[in-house]
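Below is one structure, written out as structure tokens, with a few remarks after it.
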Amino acid sequence: MKEHGGNRLCDIGLVDTAIADMFTDFDNWTESALWPAISSKFGSKSQGQAGKKASTGLQVELSSEKRVTTLGLQLQEGYVIENKLLTAPDVSAKRLVRIKLPSDMTYQCGDYLAVLPVNPTSIVRRAMRRFKLPWDAFLTVRKSSQTQNGPSAIPTDTPISAFALLSSYVELSQPASKRDLTALADAAVADEESQAELRYMANSPSRFNEEVVTKRLSLLDILDRYPSIGLPLGDFLAMLPPMRVRQYSISSSPLTDPTECSITVSVLNAPSLSGTDEPYMGVASTYLSILQPDERIHIA
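Position one of the sequence shown corresponds to residue 3 (our numbering), numbered consecutively onward.
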């Protein structure tokens, strides 16, 4: 370009990618050669502020109240001080979780701590696989004409990550109800045999108790067992209960330190009674078991 009358701004930047970190070299070239040359030739808004490094950060607004507000809960934010394993490796895990309380929160001996958990990642991924959702999918949920005026525990009319929605706003592990089974039977129009089984399970108290209640069969378990059920994602979300708090007896005394409390938790991770290969994991105990010091948690 120079041979044809172009004006070179600065020396070309070259790097041997076999022996160098080209990203670092590129950054060094732009900072030492390219941008100074552009600024010298064309001027810049920062002229007159030589030596003052321009901010390259992003402006971030933080809010952690959306889920709590949408679910209609009155919770505050504490943070984890300690998460200690109390048991030997060869027995079911029990953990002591110490939590720093909000400044205006107090408790007495005998009180319980309400904790708002999230679903285990493995269960969320199961749900996303069942509905063929890519890991980075965003969903916009809108109410139907029949539910236009009713409350919703799911964010509506705004894009939300499918992973965040399934993790934080709905119960994925709760046993299915008879009404759920009837709805699933209605959706199994392509498989008469599965449809008949689901209707029988819903209408027979003994079979329902044996198959669903005793084995803690969730909606997702049933959908995996009967892949022919053509249930739309919107119907699935509408059938799921909203995420609820779990209550744990406080195992510390405010006489020791009234600004913090502890809960002692049995972590539920056992073979599934539903017959699936994946273990049955307690929602809140799994959530509490992986919390690290300084991580935030919604409590009351």
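Backbone N, C-alpha and C fix where the C-beta goes; we use that ideal spot for every residue, glycine too. It should be emphasised that the depicted structure is a prediction, and the values quoted were computed from it without experimental measurement.
Can a CB atom of chain B be found closer than 8 Å to the CB of Asp182?
No chain B appears in this structure, which consists of one protein chain only.
Looking at the unbroken beta strand (DSSP E) that takes in Glu84, where does it start and where does it end?
In the sequence shown, counting from the first residue as 1, residue 84 sits at position 82. Run containing Glu84: 78 to 87, per the beta strand (DSSP E) assignment.
For Ala192, I'd like the list of residues in its chain whose CB is within less than 7 Å of its CB, leaving aside the five on either flank, ordered along the chain.
Position 190 of the sequence shown holds residue 192. Result list for Ala192: Ser230, Gly232, in chain order.
Please classify Ala190 as buried or exposed, where buried requires at least 16 neighbouring CB atoms within 10 angstroms.
Position 188 of the sequence shown, counted from the start, is the residue given in the question as residue 190. Its Cβ being crowded by 16 or more others within 10 Å, Ala190 is buried.
Can you check which of these residues, Val143, Thr19, Phe25, Tyr282, is closest to Ile156 by C-alpha distance?
As a first step, residue 156 must be located in the sequence shown, where it is residue number 154. Comparing Cα positions, the closest option is Val143.
Looking only at C-alpha atoms, which of Glu195, Ile162, Leu183, Ser105 sits nearest to Leu225?
Position 223 of the sequence shown holds residue 225. The shortest C-alpha separation from Leu225 is found at Leu183.
Taking the DSSP output, what are the residues bridged to Gln249?
Numbered from its first residue, the sequence shown carries residue 249 at position 247. DSSP lists Ala116 as partners of Gln249.
State buried or exposed for Ser65, treating a residue as buried only when at least 16 other CB atoms are found within 10 Å of its CB.
What you label residue 65 is simply residue 63 of the sequence shown in a count that begins at 1. With fewer than 16 other Cβ atoms within 10 Å, it is exposed.
Closest to Asp223 by CA distance: which of Thr261, Pro260, Tyr282, Ala240 is it?
Walking along the sequence shown from the start, residue 223 turns up at place 221. Checking every option, the nearest Cα to that of Asp223 belongs to Tyr282.
Span of the alpha helix (DSSP H), counted from its first residue to its last, around Pro38
The residue you call residue 38 lines up with position 36 of the sequence shown. Looking at the DSSP string, the run of the alpha helix (DSSP H) that includes Pro38 is 37 to 44.
If you draw a straight line from the C-alpha of Val215 to the C-alpha of Phe25, how long is it?
Taking the first residue of the sequence shown as position 1, residue 215 is located at position 213. Taking the first residue of the sequence shown as position 1, residue 25 is located at position 23. Roughly 57 Å separates the two Cα atoms.
Just how far apart, CA to CA, sit Thr288 and Val267?
Locating residue 288 in the sequence shown gives position 286, counting from the first residue. Locating residue 267 in the sequence shown gives position 265, counting from the first residue. A straight-line Cα-Cα distance of about 10 Å links Thr288 and Val267.
Since Thr160 is in the beta strand (DSSP E), which residue starts that stretch and which ends it?
For the purposes of this step, residue 160 is taken as residue 158 along the sequence shown, with counting starting at 1. Looking at the DSSP string, Thr160 is not in any beta strand (DSSP E), and its letter there is neither H nor E.
Nearest residue (CA-CA) to Ser291, options Ala95, Tyr171, Glu79, Ala198:
Along the sequence shown, one-based indexing puts residue 291 at 289. Among Ala95, Tyr171, Glu79, Ala198, the Cα nearest to that of Ser291 is on Ala95.
Do Ile301 and Leu77 have their CB atoms nearer than 8 Å?
To locate residue 301, count along the sequence shown from 1; it is residue 299. To locate residue 77, count along the sequence shown from 1; it is residue 75. Result yes, Cβ atoms of Ile301 and Leu77 sit closer than 8 Å.
Residue range of the unbroken alpha helix (DSSP H) whose run includes Leu222:
For the purposes of this step, residue 222 is taken as the residue at position 220 of the sequence shown. Counting along the chain, the unbroken alpha helix (DSSP H) around Leu222 starts and ends at 221 to 227.
So, helix, strand or coil for Ala272, using DSSP?
Within the sequence shown, residue 272 is the residue found at index 270, counting from 1. Residue state, collapsed to three classes: strand.
Stretch pair the segment 236 to 249 + the segment 114 to 126: three plus CB contacts closer than 8 Å:
yes
Lys180 (DSSP reduced to helix, strand or coil)
Along the sequence shown, read from residue 1 onward, the residue named residue 180 stands at position 178. Of the three classes helix, strand and coil, the one that applies to Lys180 here is helix, per DSSP.
Can you tell me whether DSSP reads Ile21 as helix, strand or coil?
Residue numbering aside, residue 21 sits at position 19 when the sequence shown is read from its first letter. In the structure shown, Ile21 sits in coil (DSSP, three-state: anything other than H, G, I, E or B).
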